[in-house]
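>
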Amino acid sequence: MFAATDLNASNRRKQGLIKTLFLLMTILLIVPVLIILTVLIVKGGPVISFEFLFSDPKDEMTAGGIFPALIGTVWLVSVALLASVPLGIAAAVYLSEYAPDNWFTRTINLAIINLAGVPSIVHALFGVGAFVLFFKFGTSILAASLTLAVMTLPIVIVATRESLQAVPQAFREACWNMGATRWQTIRRIVLPNSISGILTGVILEVSRTAGETAPIMFTGAAIFLPFLPEGVGDQTMAMSLHLYAMATQVPLPEHAANLPYGVALVLIGMVLAMNAISIGFRMWLRGKKKW
Amino acid sequence: MVDVGSPASVASDVKVAVRDLTIRYGSHVALRDVTLDIRENEIFGIIGPANSGKTSFLRALNRMDTFTTEMAVDGSIEFAGHDINKIKNLYALRKRIGVVFPLPVGLPLSIYDNVALAPRLNGVRKRSELDVIVERCLQRAALWDEVKDRLKSLGSLLSGGQQQRLTIARALSQDPDLLLLDEFSIAVDPVTTMRIEDVLKELKQEVTIVLVTNLVQQARRLADRTAFFLMSECVEIAETEAYFDGRVQDPRSRDYVEGRFG
Amino acid sequence: MSRESTSKLPNLDRRDFAWFVDKGMQVFMFIGGISAIVFIIGIFVFITKEGLPFITDTMNFGEFFTSPRWRPTSENNPTYGALALIVGTASVTGFAMVVAVPFSLGAAIFIAEFATGRTREILKVLVEMLAAIPSVVWGFIGLSIMNPLIIDTFNVPVGLNVLNAGIILGLMAAPIMTTIAEDALKAVPDTYREAAEAMGATRWQIVWRVVLPAARNGLVAAVLLGVGRGFGETMAVLMASGHSINLPGGIFDSVRALTATIAAELGETVQGSDHYRALFTLGILLFIVTFVINLTADLVVRGVRKK
């Protein structure tokens, strides 16, 4: 079956070649990202300034800054987190700590997979049908954030469930044996020992939520608003939609052509920074064993 | 003479009355038709080879079946006169029963918090009261001298033997009526084992102890009466000494004690 | 003595505060648990609610699936042929898979079987970073970087086409395929590899003859989920595909995708109009297809576990 009992030189060269080939494929996958980042930094970098970050768009968005969009994204992400984090953690706790292994639990897991797989534009349609129209929230931060919350719920659930399941079963049994209720066990032992894993998942969710465009287009984000949102009932601008608008809707004169690169750079910077924090956090955790 | 643990005779000081207990995991029968009494303030030994149902028996006493989906328990167990299948607040029951399992479990809390956990669950808040409980329990578990200067360090990072004694201290911190010990000495060195055994003899004044052990000699040193489990059945219940002077009824009991199998 | 110790036994039937808190929390966790099911059903119900009147009253199934004429805004004779949109989505997704599947599986094999230690960690982080780039940024890249690049390189009039959107989509779908494929390869027990190694097999022979066949189902699932990702992608396709209704004859033709059509037109429709409901009908189609893809991937993976 395997002919290579003694590796001769040509065989070894073949091995090296194959390995190099696969390395090449991996690199080709990653190189475009580095090129893209470079272009964004070269073209967008000079655009970014204190004024760009902290002032309003001017002259029909051909000049000025991105402040309302930044603030809007913060609003959208915060409200989405308020809704999805408690619900997502509850779902994960249920699946990890309570759920028996039966068809019902499998159905929940399938629903989670599907929730993550439904196209973002379908989430947008759901947001319009459910939050904007049925619950009469109108196009508002509330409707947009809830749409985002439903969409990113699987991220929190999966990350939380994973870190809950990493807590050894023996700890739970030891607590139950002492007469602790399930909830006391979860609160005193399970959650405190998985909180950092949960946090990693939440940061990842922030990064994902901040970049989404389609789900907020029709539910609460607007291309241009002359004022900042004052509550969850208001519409808002958002970084992602702002980039879309700058790139496709606004005719930019020559001198402002690089503005969208600046917006893209800030957006991708926010997202990648969040991601890097999440990854770094995870690695730090791995080195810090508590049992 | 030979005490077969007949139910009615000593009813007044029976702590745990087990009747026709059968335990199944799915289709596998872990224990079949066990009937026995455990008396107030005795050390009740259970000996037998691996997989004879000893640990399952302890889990049933503690109603751990509610946490194990495929574990099914038939028959009745009365604890201090209460049918434990009918108790409405199982957590209150478990608080009265301390358990030490063979694999040591130091919870990922500080050593202090490990021992203070059960009292805290019971509503003890005062630091001074907790201090007293923690010190007493660690003393009794023969761990105090080794850890008294680092009560803040993680209990889950202690050595295996220390974690086992921490587990014992935790069980004692519940101030239990019934103490279930499952091969507690597996991870503990002989000297410490002897110290803990001395503590157990003292504790007998206050609590009833069920001691599952794979060491026949340990049962002989500690247990007043001993049951012999073999292949999911309770073969023998007798005064511990009866196993060693040939008064037991089933020949397999004597064979096991004399080391002919197991 | 015995009396005394019995008397310290509390009332075992009294349900205390902790007991009720425990029950309450259990209910709360259960609500969280079923929320995913509620939302999936909710999504289906709400988009069907808005789309159903179109399906029952206006829609002509033959026209919908065979006509490339999507003219919902025509005053006299609006037509709702979704064929061009379906073909548009299929061509872009198909091209994306042609680009992404070999590279993703290759990267997964390299990371799982050849790379070690630090290299492995770094590559995994980079793949994760790739997955994090928002779709609108990808769309912007297609529009502003790829577009002129394609026009110059291939000397074509328009750079927003199947090629552009396909490459972008391929890069977007690659991380998820790489990650899941790598998990599938890692799930093959080391004993298989050791057994083959003991027989004198080279690293590549082990991968080709032992690891890949054993991980087959997981790899299929990885590709399926990649297809699902590409199929449902909205903003990047909207911005990079040219967004013109067209049955493409080649990779340099512009196309329009199902998702992009909804994103581009929903804002201009009147709520309750045929056009508005037709867009929700496209949403139902998207929902069903992605549901089937995800379900299949799940079943395929479960097939692995059973063995």
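Chains as they are written, first to last, in this note's numbering: chain C, 35 to 325; chain H, 849 to 1110; chain E, 18 to 324. Where a beta carbon is used, it is the ideal one built from N, C-alpha and C, also for glycine. If you're wondering where the values come from, they're calculated on a predicted model, not measured in any experiment.
Using the C-alpha atoms, what's the distance from aspartate 270 (chain E) back to histidine 260 (chain E)?
If I take the Cα positions, the gap works out to 10 Å.
> Measuring straight from C-alpha to C-alpha, what distance separates arginine 1100 (chain H) and arginine 216 (chain C)?
42 Å
> For a contact defined as C-beta to C-beta under 7 Å, what are the partners of lysine 66 (chain E) on chain C?
Per Cβ cutoff of 7 Å: Gly163.
> Using the C-alpha atoms, what's the distance from alanine 281 (chain C) back to proline 151 (chain E)?
15 Å
> If the criterion is Cβ atoms closer than 8 Å, does the pair arginine 137 (chain E) and isoleucine 126 (chain E) meet it?
no
> Show which residues of chain H have a CB atom less than 9 Å away from the CB atom of aspartate 33 (chain E).
Asn937, Tyr939 and Ala940
> Given serine 24 (chain E), which residues of its chain have a CB within under 8 Å of its CB, disregarding the five upstream and five downstream residues?
At serine 24 (chain E) the pLDDT is 46, less than 50, meaning the model places this residue with poor confidence and gives no usable figure here.
> Looking only at its own chain, which residues have a Cβ that is under 8 Å from the Cβ of isoleucine 220 (chain C), when we skip the five neighbours before and after it?
Excluding residues within five positions, the ones whose Cβ falls inside 8 Å are Val127 and Glu131.
> Less than 8 Å between the beta carbons of alanine 158 (chain C) and methionine 251 (chain C), yes or no?
Yes, Cβ-Cβ distance for alanine 158 (chain C) and methionine 251 (chain C) is below 8 Å.
> Assuming methionine 114 (chain E) and glycine 247 (chain E) form a contact by the criterion Cβ under 8 Å, report the distance between their Cβ atoms to the nearest whole angstrom.
7 Å
> With distances taken from CA atoms, which of H:Leu1002, H:Val980 and H:Gln1010 is nearest glutamate 994 (chain H)?
H:Gln1010
> Hey, is lysine 863 (chain H)'s beta-carbon within less than 8 Å of any beta-carbon in chain C?
Not closer than 8 Å to any Cβ of chain C, the Cβ of lysine 863 (chain H) fails to qualify, so no.
> Alpha carbons only, please: which of H:Asn937, H:Thr1041 and H:Arg872 is nearest the one belonging to arginine 31 (chain E)?
H:Asn937
> Mapping DSSP to helix, strand and coil, what is serine 52 (chain E)?
Annotated three-state conformation of serine 52 (chain E) is helix, per DSSP.
> Considering only C-alpha positions, which residue in the set E:Ile301, E:Ile268 and E:Asp291 is nearest to asparagine 94 (chain E)?
E:Asp291
> Could you tell me which chain C residues have their CB closer than 7 Å to the CB of arginine 135 (chain E), listed as they occur along the chain?
Within chain C, no residue comes near arginine 135 (chain E); the closest Cβ sits about 12 Å away, beyond 7 Å.
> Any C-beta of chain C sitting closer than 8 Å to the C-beta of leucine 1002 (chain H)?
yes
> Quick one: grab the DSSP three-state call for alanine 132 (chain E).
Alanine 132 (chain E) falls in the coil class under three-state DSSP.
> Taking aspartate 881 (chain H) and alanine 865 (chain H) to be in contact with their CB atoms under 8 Å, please state how far apart those CB atoms are, rounded to whole angstroms.
Aspartate 881 (chain H) to alanine 865 (chain H), Cβ: 15 Å. No contact.
> By Cβ distance below 8 Å, which residues in the same chain neighbour arginine 222 (chain C) in space, the five residues on each side in sequence not counted?
Cys209 and Ala214
> Hey, does aspartate 30 (chain E) have any beta-carbon neighbour from chain H nearer than 8 Å?
yes
> Roughly how many whole angstroms lie between the Cα atoms of alanine 256 (chain C) and glutamate 246 (chain C)?
The straight-line gap from Cα to Cα measures roughly 14 Å.
> Using a Cβ-Cβ distance cut-off of 8 Å, determine whether methionine 912 (chain H) contacts chain C.
yes
> Under 8 Å between C-beta atoms, does glycine 267 (chain E) make it to chain C?
It does not: the Cβ of glycine 267 (chain E) has no partner Cβ on chain C nearer than 8 Å.
> Buried or exposed: isoleucine 305 (chain E), going by 16 or more other Cβ atoms within 10 Å of its Cβ?
exposed
> Would the beta-carbon of alanine 989 (chain H) fall within 8 Å of that of leucine 978 (chain H)?
Contact flag unset, no.
> Only counting the same chain, and skipping five residues up and downstream in sequence, which positions put a Cβ closer than 6 Å to that of glycine 874 (chain H)?
Hits under 6 Å: Glu918.
> By how many angstroms is the C-alpha of leucine 316 (chain E) removed from the C-alpha of leucine 264 (chain E)?
34 Å
> Which residue wins for smallest C-alpha separation from histidine 276 (chain C), given the options C:Pro202, C:Gln218, C:Ile229 and C:Pro294?
C:Pro294
> Use the C-beta contact count for glutamate 211 (chain E): other C-beta atoms within 10 angstroms, 16 or more gives buried, fewer gives exposed.
exposed
> Alpha carbons only, please: which of C:Asn211, C:Gly231, C:Gly50 and C:Leu55 is nearest the one belonging to tyrosine 939 (chain H)?
Among C:Asn211, C:Gly231, C:Gly50 and C:Leu55, the Cα nearest to that of tyrosine 939 (chain H) is on C:Asn211.
> In whole angstroms, what is the alpha-carbon distance linking asparagine 143 (chain C) and arginine 1068 (chain H)?
53 Å
> Leaving aside the five residues before and after valine 1096 (chain H) along the sequence, list all residues of the same chain whose C-beta is less than 6 Å from its C-beta, in chain order.
Glu1084, Ala1086, Ala1090 and Arg1102
> According to DSSP, tyrosine 873 (chain H) sits in a beta bridge with which residue or residues?
Answer is H:His876 and H:Met919, bridged to tyrosine 873 (chain H).
> Please report how far the alpha carbon of asparagine 1062 (chain H) lies from the alpha carbon of isoleucine 895 (chain H), in whole angstroms.
Cα to Cα, asparagine 1062 (chain H) sits roughly 6 Å from isoleucine 895 (chain H).
> Can you pull out the residues from the stretch 196-229 of chain C whose beta carbon lies closer than 8 Å to at least one beta carbon of chain E?
Against chain E - using a Cβ distance shorter than 8 Å - the residues of the stretch 196-229 of chain C are Thr215, Arg216, Trp217, Gln218 and Ile220.
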